[in-house]
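J.: Sequential numbering of the sequence shown, starting at 1, is according to UniProt numbering. Each residue gets a CB set at the ideal place from its N, CA and C atoms; glycine is no exception. Since this is a predicted model, take the numbers as computed values, not measurements.
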Amino acid sequence: MTDPEGSAADGGPRGPGEPRQPPPPTEYEPTVAAPGGVPATETETGTTTGGGRGDTSRLPPPLRARFRLRELLRRPERPDQAAVYRVRDDAGSHVVKWYDRGRAPHPRVRELLRTRQLPHVVRLTETGRIDGHPYEIAPSYGDTDLARYRLDHPGPADPVVVRAVVTQLHAALTAVHRLGIVHRDVSPANIVLGSLDPADPELTLVDFSVAAYAPEERLADRDAWVGTPLYLSPQAVARRQMIHPQADWWALGMITAELAGGRHPIRHSHSGYVDLELSSGPPDLSLVEDPRLRALCRGLLTRDPDLRWGSAQVAEWLAGGAPPVAPADWPSPAPPEGADVTPFPFMGQEFTDPVRLGMAFDGYWAQLERALAHGRGRGAFADWLRQFAAAPRYDEAAREELAALVGLLGRRPGPAVLVRLLSWLAPPLEPSYRGEPVDPAHGLADLAARAVHDERAFAVVEELARHEILPLLATRPGGEGLAAIHRDWGAARQRWRPTVDALCAEFPALRRRLRDHPALTAVEGPLLPQLLHIAAAPERCRALLAEQASRRLRSLPEPVDWYGWLTSDRRDPLRLLLAERLAGLADEDAQRLRVHRNLEREARRLDAAAAWLTVQELPATLAWAVGGALAVTVPWIFLVGLADVVSLAPQTTVATAWSYAVPAAAATLALELWAAHRIGYLFYHPERSLAGLVIHQAGRAARPVLRHRVLGTVAVAAVVGLLLATLLLAAWLWPLGTVLAVAWWTWRRHRTSPARRPGAPLGRPLGPPLGDRRDSPTGETP
1 MTDPEGSAAD GGPRGPGEPR QPPPPTEYEP TVAAPGGVPA TETETGTTTG GGRGDTSRLP
61 PPLRARFRLR ELLRRPERPD QAAVYRVRDD AGSHVVKWYD RGRAPHPRVR ELLRTRQLPH
121 VVRLTETGRI DGHPYEIAPS YGDTDLARYR LDHPGPADPV VVRAVVTQLH AALTAVHRLG
181 IVHRDVSPAN IVLGSLDPAD PELTLVDFSV AAYAPEERLA DRDAWVGTPL YLSPQAVARR
241 QMIHPQADWW ALGMITAELA GGRHPIRHSH SGYVDLELSS GPPDLSLVED PRLRALCRGL
301 LTRDPDLRWG SAQVAEWLAG GAPPVAPADW PSPAPPEGAD VTPFPFMGQE FTDPVRLGMA
361 FDGYWAQLER ALAHGRGRGA FADWLRQFAA APRYDEAARE ELAALVGLLG RRPGPAVLVR
421 LLSWLAPPLE PSYRGEPVDP AHGLADLAAR AVHDERAFAV VEELARHEIL PLLATRPGGE
481 GLAAIHRDWG AARQRWRPTV DALCAEFPAL RRRLRDHPAL TAVEGPLLPQ LLHIAAAPER
541 CRALLAEQAS RRLRSLPEPV DWYGWLTSDR RDPLRLLLAE RLAGLADEDA QRLRVHRNLE
601 REARRLDAAA AWLTVQELPA TLAWAVGGAL AVTVPWIFLV GLADVVSLAP QTTVATAWSY
661 AVPAAAATLA LELWAAHRIG YLFYHPERSL AGLVIHQAGR AARPVLRHRV LGTVAVAAVV
721 GLLLATLLLA AWLWPLGTVL AVAWWTWRRH RTSPARRPGA PLGRPLGPPL GDRRDSPTGE
781 TP
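#1: In its own chain, which residues sit with a C-beta less than 6 Å from the C-beta of Trp-674, not counting the 5 before and 5 after it?
#2: Do Ala-537 and Ala-445 count as a contact pair if the criterion is CB distance below 8 Å?
#3: Does the separation of the CB atoms of Pro-156 and Gly-261 fall below 8 Å?
#4: With 16 as the cutoff for other CB atoms within 10 Å, does Asp-248 come out buried or exposed?
#5: Once the 5 residues before and after Leu-118 are set aside, which same chain residues still bring their CB inside 6 Å of it?
#6: With Thr-652 as the anchor, note down where its alpha helix (DSSP H) starts and where it stops.
#7: For the 8 Å Cβ check, are there 3 or more pairs between the segment 604–618 and the segment 567–581?
#8: Would DSSP call Ser-432 helix, strand or coil?
#9: Could you work out which residue in Ala-390, Pro-392, Glu-369 and Trp-747 is closest to Phe-381 when comparing CA atoms only?
#10: If you check the beta carbons only, do Pro-431 and Gly-377 fall under 8 Å apart?
#11: Roughly how far, in whole angstroms, is the beta-carbon of Ile-637 from the beta-carbon of Ala-667, given that I think they are within contact range, below 8 Å?
#12: Considering only DSSP beta bridges, list what His-750 is partnered with.
#13: With 16 other CB atoms within 10 Å as the buried threshold, where does Met-359 fall?
#14: Considering only the alpha carbon of each residue, which of Arg-604, Leu-385, His-750 and Arg-150 lies closest to Arg-263?
#15: How far does the alpha helix (DSSP H) with Tyr-563 in it reach, from first residue to last?
#16: Enumerate, from N- to C-terminal direction, the unbroken beta strand (DSSP E) stretches of 3 or more residues contained entirely within the segment 580–663.
#17: For Val-96, which residues does DSSP report across the bridge?
#18: Quick check on this structure: which residue in Ala-717, Pro-440 and Asp-607 has the alpha carbon closest to the alpha carbon of Arg-476?
#19: Applying the 10 Å Cβ sphere with the 16-neighbour rule, what's the burial state of Trp-744?
#20: Does the segment 527–546 come close enough to the segment 592–610 to have 3 or more Cβ pairs within less than 8 Å?
#21: Kindly give me the distance between the Cβ atoms of Ser-195 and Pro-201, rounded to whole angstroms, as I take these residues to be in contact under 8 Å.
#22: So what does Leu-301 bridge to, in DSSP terms?
#23: Bridge partners of Phe-346, per DSSP?
#24: Does the beta-carbon of residue 813 have 16 or more other beta-carbons within 10 angstroms, so that it is buried, or is it exposed?
#25: Hey, could you find the ends of the alpha helix (DSSP H) Ser-423 is sitting in?
#26: Take the Cβ of Ser-423 as the centre, count every other Cβ of all protein chains shown within 10 Å, and call the residue buried at 16 or more, exposed below.
#27: What is the residue span of the alpha helix (DSSP H) that Arg-513 lies within?
#28: Would you check if the distance between the CB atom of Leu-173 and the CB atom of Leu-252 is smaller than 8 Å?
#29: Between Ala-414 and Ala-389, what straight-line distance do the alpha-carbon atoms span, to the nearest angstrom?
#30: So, helix, strand or coil for Ile-130, using DSSP?
#31: Are the CB atoms of Leu-318 and Thr-204 within a distance shorter than 8 Å?
#32: On a CA-only basis, which of Ala-608, Val-84 and Glu-77 is nearest residue 783? Give me that one, please.
#33: Using only the alpha-carbon positions, how far apart do Glu-687 and Val-694 sit?
#34: What separation, rounded to the nearest whole angstrom, lies between the Cα atoms of Pro-154 and Arg-123?
#35: Could you tell me which residues DSSP pairs with Arg-68 in its beta bridges?
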């Protein structure tokens, strides 16, 4: 089974044809030289550890130096999908396909495609492994495929184009089958157009990622169901597929009928509907008007693979012959339940068979809800259902379910009732809801992955969360395990909030930040499909999240304690998911920590430089301190001595002044030396030195004196008179006042200077970095 993808693996855009389950992992063959000297190589790069592929939006690292990326054709939505790139080098354009190691193509197929030149078949020019993950390189055969061409050119194709497609695909399939290769997914999306000339289109069969090397027909593994439903043969539609070349010829018949008729012979692409169509009768070839093309389609679309046309018959048809077509061996359409069954109208058709109506309902959910929205429509539908109450095809349990459903149609049915209704109408339906596959193997995980960015898929996930839908779908074919997934999904939603609370309890600083970003931890929004993805594919998601956490931890510029705690348990996918959702906060914290560490480092470097400079300039600093002390002590020592010599002042005053002078001068010098040593060279002179203060104040005092000579003379005379008065009356005030003034200014300098405390960086106090504040209630820097 396939799901829509973005681009073909080996060239051209990709339509609905990428297989959902490629073959199981394989080992690689040794390198084989290509014939004719054509460079085709097998290489291995990097390690073979169990890691993932990393960022698949970019080319694998070993290829980046060799190629220029032109276009990302497909980025994997889940780990097991291949990444596809269109690249270019001097030799031309190429397509690179990089697989997950668990979904590697068959080694023998890759070897043959690398070493053989086959008509209209992709040629691999290089294969190998990068970090244990297989990759392959092929030429780019074109920018579009047959599926895109059909969309751009609706309606029946020109018979010349149809014949060219048949001719070239016949050559391609004959060549690969002769080598024992079965493609298993021949579809328009895997047929690349190199030329768009309607008269001479050039086709290449690409994407052998799910091809099998099967020289003899065999059954596929039970879990290896691959292909595009609309192009699968009846034997390949079965739950355990038959691998044989006849399946590829059936696909050619479907492609031919689609081109010649203007639309696909089967209207619905759902695999259950395809199975029903193929089991109830031959495909509808009424739109194929050309008799020879109709004969070709009948031969290729014969149900019995032993009677189906193959290479020889198609070659005969191309040569103008008319190989015999086997009689239709499919059973006739089942008769209606009774001649009096009243048809039910829906979407312009009338239905008498519940299974076909159920398939139609499943394809048009909006119209189904509209049809049953009003009482009159529900009443008519209930009357139609009652016709089958006694039908022999239903057992007692089915009749009881029918009676319950008829009763529930008394009012507008909700999603759960509609799911039960479709399950009763069409038991072959596989698990799906509103047209979205939700099988436990891949469909549900794919839906969850798309729902993160796809609004329609997200709406489906929201309804799955609100209603008990998955347990109801568990009863459908292939739905085993959906009930357990629903239970695990609910448990994950219940565990999410306690997990967030545990993180906040361990690191209280985060609580306020998470309140500022409620979307990061809200159960609503993108978290809902992410939790569903974990429930649907727990090991795959856990491995992917663990890889992302490891990559994030390596990329953080500084370790963040709470992020490390969150990712320490790699066995818990919820903690890993929370870590992924909070990765942005971790980046912010790491950047702030890096800034903090850099500031600390720079502060320590400046401290060291300042300490060295202080030591080197200590003599000059101390000299300025001595000079400042002398500048304020020598004048009054000189004046006191002058007063003593000339006997201007009383001897008691002079004696008291001399008794204060010596200790005052010593104290002034000691205070200034201590201040100079503590403040240091960088900040001491002239801003905070006594010498600088004297020089600055002397300059300030001299400027008005020089500017206004008369007033200046009066002011200077007044000051001199005041000095003489204090000298004559109380000379001891000078040494005492000097000591008190210097002591007060030293205390002030001690309080206001930028001098660092021991161990603190120069110019700024130290505080705990953001990422380490477990006990800070707000997470703010103190």
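T.: For this structure:
#1: On the sequence shown, residue 674 is found 674 positions in, with the first residue counted as 1. The answer is none, since no qualifying residue turns up.
#2: For the purposes of this step, residue 445 is taken as residue 445 along the sequence shown, with counting starting at 1. For the purposes of this step, residue 537 is taken as residue 537 along the sequence shown, with counting starting at 1. Yes.
#3: Position 156 of the sequence shown, counting from 1, holds the residue named residue 156. Position 261 of the sequence shown, counting from 1, holds the residue named residue 261. Cβ distance < 8 Å, so Pro-156 and Gly-261 count as in contact.
#4: Counting from one through the sequence shown, the residue named residue 248 turns up at place 248. Classification for Asp-248: buried.
#5: Stepping through the sequence shown from its first residue, residue 118 is reached at position 118. Closer than 6 Å at Cβ, skipping near neighbours: Ala-175.
#6: Numbered from 1 along the sequence shown, position 652 holds the residue referred to as residue 652. First-last of the alpha helix (DSSP H) with Thr-652: 651–679.
#7: Too few Cβ pairs lie closer than 8 Å, so no.
#8: One-based indexing of the sequence shown puts residue 432 at position 432. It is a strand residue.
#9: Within the sequence shown, residue 381 is the residue found at index 381, counting from 1. With distances taken between Cα atoms, Phe-381 lies closest to Glu-369.
#10: Position 431 of the sequence shown, counted from the first residue, corresponds to residue 431. Position 377 of the sequence shown, counted from the first residue, corresponds to residue 377. No. Outside cutoff.
#11: If you number the sequence shown from 1, residue 637 lands on position 637. If you number the sequence shown from 1, residue 667 lands on position 667. Going by Cβ atoms, the distance from Ile-637 to Ala-667 rounds to 14 Å, so no, they are not a contact pair.
#12: Taking the sequence shown and counting its residues from 1, the one referred to as residue 750 is at position 750. Looking at the DSSP output, His-750 shares a beta bridge with no other residue.
#13: In the sequence shown, residue 359 corresponds to position 359, counting from 1. By the 10 Å Cβ count, Met-359 comes out buried.
#14: Within the sequence shown, residue 263 is the residue found at index 263, counting from 1. Ranking the options by Cα distance to Arg-263, first place goes to Arg-150.
#15: Numbered from 1 along the sequence shown, position 563 holds the residue referred to as residue 563. It spans 561–566 - the alpha helix (DSSP H) in which Tyr-563 sits, taken as one unbroken run.
#16: Whole beta strand (DSSP E) segments, 3+ residues: zero.
#17: Indexing the sequence shown from 1 puts residue 96 at position 96. Bridge partners of Val-96 according to DSSP: Tyr-85 and Ile-137.
#18: Here residue 476 refers to the residue found at position 476 of the sequence shown. Nearest C-alpha to Arg-476 among Ala-717, Pro-440 and Asp-607: Pro-440.
#19: If you number the sequence shown from 1, residue 744 lands on position 744. By the neighbour-count rule (16 or more Cβ atoms within 10 Å), Trp-744 is not buried but exposed.
#20: Taking 8 Å as the limit for Cβ pairs, the verdict is that the segment 592–610 does not touch the segment 527–546.
#21: For this step, residue 195 is matched to residue 195 along the sequence shown. For this step, residue 201 is matched to residue 201 along the sequence shown. Right, their Cβ atoms sit about 6 Å apart.
#22: In the sequence shown, counting from the first residue as 1, residue 301 sits at position 301. DSSP, once it has assigned bridges, lists no residue as partnering Leu-301.
#23: As a first step, residue 346 is located in the sequence shown; it is residue number 346 there, counting from the start. Its beta-bridge partners are Gln-349.
#24: No statement about residue 813 is possible, as the shown extent of the chain runs from 1 to 782 and does not include it.
#25: Taking the first residue of the sequence shown as position 1, residue 423 is located at position 423. Counting along the chain, the alpha helix (DSSP H) containing Ser-423 begins and ends at 415–425.
#26: Here the question's residue 423 lines up with position 423 in the sequence shown. Classification for Ser-423: buried.
#27: Taking the sequence shown and counting its residues from 1, the one referred to as residue 513 is at position 513. For Arg-513, the enclosing alpha helix (DSSP H) stretches over residues 509–516.
#28: Locating residue 173 in the sequence shown gives position 173, counting from the first residue. Locating residue 252 in the sequence shown gives position 252, counting from the first residue. Yes.
#29: Here residue 414 corresponds to residue number 414 of the sequence shown, with the count starting at 1. Here residue 389 corresponds to residue number 389 of the sequence shown, with the count starting at 1. The sequence given here places Gly at residue 414; Ala does not occur at that position. Cα to Cα, the separation comes out at about 23 Å.
#30: The count along the sequence shown starts at 1 and reaches residue 130 at position 130. It is a strand residue.
#31: For the purposes of this step, residue 204 is taken as residue 204 along the sequence shown, with counting starting at 1. For the purposes of this step, residue 318 is taken as residue 318 along the sequence shown, with counting starting at 1. For Thr-204 and Leu-318, no; Cβs fall outside 8 Å.
#32: Residue 783 cannot be examined here, being either before or after the span of the chain that is shown, 1 to 782.
#33: Position 687 of the sequence shown holds residue 687. Position 694 of the sequence shown holds residue 694. C-alpha separation (whole angstroms): 11 Å.
#34: Against the sequence shown, residue 154 aligns to sequence position 154. Against the sequence shown, residue 123 aligns to sequence position 123. Straight-line measurement puts the Cα of Arg-123 at about 30 Å from the Cα of Pro-154.
#35: Position 68 of the sequence shown, counting from 1, holds the residue named residue 68. Per DSSP, Arg-88.
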